[in-house]
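Numbering (the numbering used here), first residue to last: 12 to 319.
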């Protein structure tokens, strides 16, 4: 059959959903879904509705559902299950400024990116960086992720949003005064195949505000390179940001690999909304559930170093 403009090949579906090609093929054989057609060259072709369903399936898997229980469910049922897991609308700092997180999301969905930058910049000025990140960027990031999972955002719209947020955060971090004498050196990055860098910048903002010297390796750094950079830079803390873009096994394997190979002087801290972090006992790892935990955690780290 001929390919239409809304269909994707298997490589594009892998990038879009985070589900590997092997997983898609196994599900096709075992469960009968997805059931792609074929193009003239014999390549698998997936329609938009199946891609949306696969996004929701991926999100539900990360929350503990098993493939056999959900792959046969209709799309509407999966939407209901995903909606039931959505966090309540954010209030707090956004509400006190008369801002609605949904307004920012609407600007993304209508591709009004310059207006989005303007509104976000005004919120940053009104709140200061820490409250802006925790009270605006964090809940907005969650809403954008939910909209994408439901098919309410196109890929390019999510990319426009990411670029806008990253630009604002980088500029704000660049304006933080240089730290004092012998500040803690924090090395920030993500594990291989983790594409999301906003969480990394959000964490960097909080570390920088606490007087740390931050070195970011960006996203998708191989474990040996993380360890090598920590040794060469003599990092006091290695901070990893983990989203639900990776499956639990990959996250835990990566964290274990970093922890086992890090030099003794480097602590390993892990944050992000990856559900695997909640279900596992990460011995020897400092787990940060909220960005606002960075300050108290640093205070404890400094006291331990002083006492030692």
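All C-beta atoms, glycine included, are put in the ideal place defined by N, C-alpha and C.
* Asked: What alpha helix (DSSP H) runs, 4 residues minimum, are completely inside the stretch 167-226?
  -> DSSP runs (the alpha helix (DSSP H)) wholly in the stretch 167-226: 209-220.
* Bounding residues of the alpha helix (DSSP H) (the contiguous stretch that carries residue 21) -> The residue given as residue 21 occupies position 10 in the chain shown. It spans 21-28 - the alpha helix (DSSP H) in which residue 21 sits, taken as one unbroken run.
* **Backbone CA spacing between residue 302 and residue 52 [nearest angstrom]** => Start at 1 with the first residue of the chain shown, and residue 302 comes out as number 291. Start at 1 with the first residue of the chain shown, and residue 52 comes out as number 41. Whole-angstrom Cα-Cα distance: 49 Å.
* Just curious, the beta strand (DSSP E) that residue 293 is in, first and last residue? -> In the chain shown, the residue the question calls residue 293 occupies position 282. Note, residue 293: premise wrong, no beta strand (DSSP E); not H, not E.
* **Selection from 185, 212 and 48 that minimises the alpha carbon distance to residue 198** => Position 187 of the chain shown, counted from the first residue, corresponds to residue 198. For residue 198, the nearest C-alpha among the options comes from 212.
* Assuming residue 28 contacts residue 62 under a Cβ cut-off of 8 Å, what Cβ separation, rounded to an integer in Å, is found between them? -> Here residue 28 is taken as the residue at index 17 of the chain shown, counted from 1. Here residue 62 is taken as the residue at index 51 of the chain shown, counted from 1. Yes, they are in contact, since the Cβ atoms of residue 28 and residue 62 sit about 7 Å apart, within 8 Å.
* Going along the chain, which residues of its own chain have a beta-carbon closer than 6 Å to the beta-carbon of residue 131, five neighbours each way excluded? -> Within the chain shown, the letter at position 120 stands for residue 131. These residues qualify, in order along the chain: 179.
* Asked: If you draw a straight line from the alpha carbon of residue 32 to that of residue 39, how long is it in whole angstroms?
  -> Indexing the chain shown from 1 puts residue 32 at position 21. Indexing the chain shown from 1 puts residue 39 at position 28. Roughly 11 Å between the two C-alpha positions.
* If we call anything under 7 Å between Cβ atoms a contact, is residue 65 one with residue 81? -> Position 54 of the chain shown, counted from the start, is the residue given in the question as residue 65. Position 70 of the chain shown, counted from the start, is the residue given in the question as residue 81. It is not a contact, given that the beta carbons lie outside the stated cut-off.
* Leaving out the 5 sequence neighbours to the left and right, which residues in its chain are closer than 8 Å to residue 209 when beta-carbon positions are compared? -> In the chain shown, counting from the first residue as 1, residue 209 sits at position 198. Excluding sequence neighbours, residue 209 sits near 148, 152, 173, 176, 177 and 180.
* Asked: On the three-pair Cβ rule with 8 Å, is the stretch 215-230 touching the stretch 261-281?
  -> no
* To do: Give the DSSP-derived three-state secondary structure of residue 262 in the structure shown.
  => Walking along the chain shown from the start, residue 262 turns up at place 251. Helix at residue 262.
* To do: Would you kindly work out how many angstroms separate the C-alpha atoms of residue 223 and residue 192, rounded to a whole number?
  => Stepping through the chain shown from its first residue, residue 223 is reached at position 212. Stepping through the chain shown from its first residue, residue 192 is reached at position 181. Straight-line Cα distance between these residues: approximately 10 Å.
* To do: Please list, in chain order, all residues of the same chain as residue 167 whose beta carbon is under 8 Å from its beta carbon, the five residues on each side excluded.
  => As a first step, residue 167 is located in the chain shown; it is residue number 156 there, counting from the start. The answer is none, since no qualifying residue turns up.
* To do: Compute the distance between the beta-carbons of residue 112 and residue 150, then report whether it is under 7 Å.
  => By one-based count along the chain shown, residue 112 stands at place 101. By one-based count along the chain shown, residue 150 stands at place 139. Yes, Cβ-Cβ distance for residue 112 and residue 150 is below 7 Å.
* In the structure shown, what three-state DSSP assignment does residue 76 receive? -> Within the chain shown, residue 76 is the residue found at index 65, counting from 1. If DSSP states are grouped into helix, strand and coil, residue 76 belongs with coil.
* To do: Would you list the residues sitting across from residue 282 in a DSSP beta bridge?
  => Residue numbering aside, residue 282 sits at position 271 when the chain shown is read from its first letter. Paired residue(s): 252 and 299.
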